[in-house]
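Student: Pasting in a structure now, in structure tokens, and then I'll have a few things to ask.
Residue numbers (the numbering used here): 46 to 500.
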């Protein structure tokens, strides 16, 4: 059987991997964004702190080295810068009359000229400059009011920190890919377990034909797949039963109709050469055989419908049995007596069970002129037991084994009546039976559950 181009297993794997990848990518990118925001916040705080410290120093206006007032803005700036020790990435510089006069940097890192130009041309007191190497310079400036215009500026280069974040983000993305790969492997293993029963189901459907309905899907577990397999097996059981009933019907029809058709054909072939008396006898024989075929076809249809067209419903047993007695009396010419009346309620198809009991009464009428006893009772609150007893010649033990078989002839019967009884009992989840000790009559019975069994 060719495999589908787009297996459900691969779709399961793809969805699992895609979900994991999206989730991990979202976490990694969110982490990256938060960390870069934290770097910017910390840099701005450091710049503001340096500006605040310089403002306090300038407001004091006293040179800590000489305890005298500063004579110029340049002296103020140089005195302050001599006392500072910049941290990593930090640069401080002084501009007097627009010219760079002094600078201090950390770790011998040269002062970026683009930062100096940004500060010189800026009208605001703080800002962020994007550098060419994917970093940022957070800067701040404060003007010193004096005869000669001067500016103190501080810059914090966060390129190294952003580079570290970029490196960690790439590492996290590689880890995410590894996790996605592991997820894909686990999803593949899980998908194989999930898809395996579906593939078995598909394989069974491919092997099913009108001549082979015996295959069933193994059921393991209690999940949705197991329920699907159970429902599928139940469906196959119903189809198998329908096909069996159809084949049985055709076999029965072919088996039983062959003889009367042969008889009718033989008599019709004799008609051209027959005299008037022989012609009349042949016509009577043909009509008799046709009537027998009609009865046989009706019996076959009844037998085929016995299990298919059943409507179980709650039935009051006492009321139903009283109606059954009236019908049985008409059938037996008032020779039927009810010896025991069942009580309670049962889920049965009263029409079908009535048909079965009347068939037993009709069978008894054929073999006895005496009374026929009908009884019904509930056994153990679980089963309904119905018996029909006659005073006929009885049935031998050997005959009892075959009496409910299709086309088992006894006397002039068609051999279908008791088979119909057995089929109706079976359709209710029960059975038909017989007890007899010749020549003391026979007792036929039905035992069926009061309630329909549920799975």
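Beta carbons are placed, not taken as given, at the ideal position from N, Cα and C, and that holds for glycine.
Small disclaimer: the values here were computed from a predicted structure and weren't measured.
1. Could you spell out where the beta strand (DSSP E) holding residue 358 opens and where it closes?
2. Considering only C-alpha positions, which residue in the set 235, 196, 315 and 369 is nearest to residue 396?
3. Determine contact between the stretch 472-492 and the stretch 423-435, defined as no fewer than three beta-carbon pairs at a distance below 8 angstroms.
4. Would you say residue 58 and residue 271 are within 8 angstroms of each other, going by their C-beta atoms?
5. As an exercise, report each continuous beta strand (DSSP E) stretch of at least 3 residues that is fully enclosed by the stretch 144-180, in chain order.
6. What's the gap between the Cα of residue 46 and the Cα of residue 439?
7. Starting from residue 414, trace the beta strand (DSSP E) both ways and give me its first and last residue.
8. Look at the Cβ atom of residue 473, then the Cβ atom of residue 393, and state whether they are nearer than 8 angstroms.
9. Is residue 385 helix, strand or coil by DSSP?
10. Does DSSP put residue 117 in a helix, a strand or coil?
11. Please go through the same chain and pick out, in chain order, the residues whose beta-carbon is closer than 7 angstroms to the beta-carbon of residue 121, but skip the five residues on each side of it.
12. Does the stretch 254-262 touch the stretch 274-283, meaning 3 or more C-beta pairs lie closer than 8 angstroms?
13. Output the boundary residues of the alpha helix (DSSP H) element that contains residue 221.
14. Would you kindly work out how many angstroms separate the C-alpha atoms of residue 149 and residue 98, rounded to a whole number?
15. Apply the 10 Å Cβ neighbour rule to residue 417 and answer buried if 16 or more other Cβ atoms are within range, or exposed otherwise.
16. Within 10 angstroms of its Cβ, does residue 226 collect 16 or more other Cβ (buried), or is it exposed?
17. Based on DSSP bridge pairs, tell me the residues matched to residue 494.
18. Figure out for me which residue from 232, 158, 144 and 206 has the closest Cα to the Cα of residue 193.
Tutor: Taking the structure as given:
1. Start and end: 358-361.
2. Closest option to residue 396, Cα to Cα, is 369.
3. Touching, per the Cβ criterion.
4. The answer is no: Cβ separation not under 8 angstroms.
5. You should have 144-150 and 171-175.
6. Residue placement at residue 46 cannot be trusted, given a pLDDT of 47 that sits under 50; the coordinates are not used to answer.
7. Per DSSP, residue 414 belongs to no beta strand (DSSP E) and is neither H nor E.
8. At the C-beta level, residue 473 and residue 393 come within 8 angstroms of one another.
9. Look at residue 385 here: in three-state DSSP terms it is strand.
10. The answer is coil: DSSP assigns residue 117 none of H, G, I, E or B.
11. Closer than 7 angstroms at Cβ, skipping near neighbours: 103, 115 and 189.
12. Contact between the stretch 274-283 and the stretch 254-262 is present: three or more C-beta pairs spanning the two stretches fall below 8 angstroms.
13. Note, residue 221: alpha helix (DSSP H), 204-252.
14. Here the alpha carbons of residue 98 and residue 149 stand approximately 16 angstroms from one another.
15. Classification of residue 417: buried, given that the 10 Å Cβ count is 16 or more.
16. Within 10 angstroms of the beta-carbon of residue 226 lie fewer than 16 other beta-carbons, which makes it exposed.
17. Answer by DSSP bridge pairing, in chain order: 428.
18. For residue 193, the nearest C-alpha among the options comes from 144.
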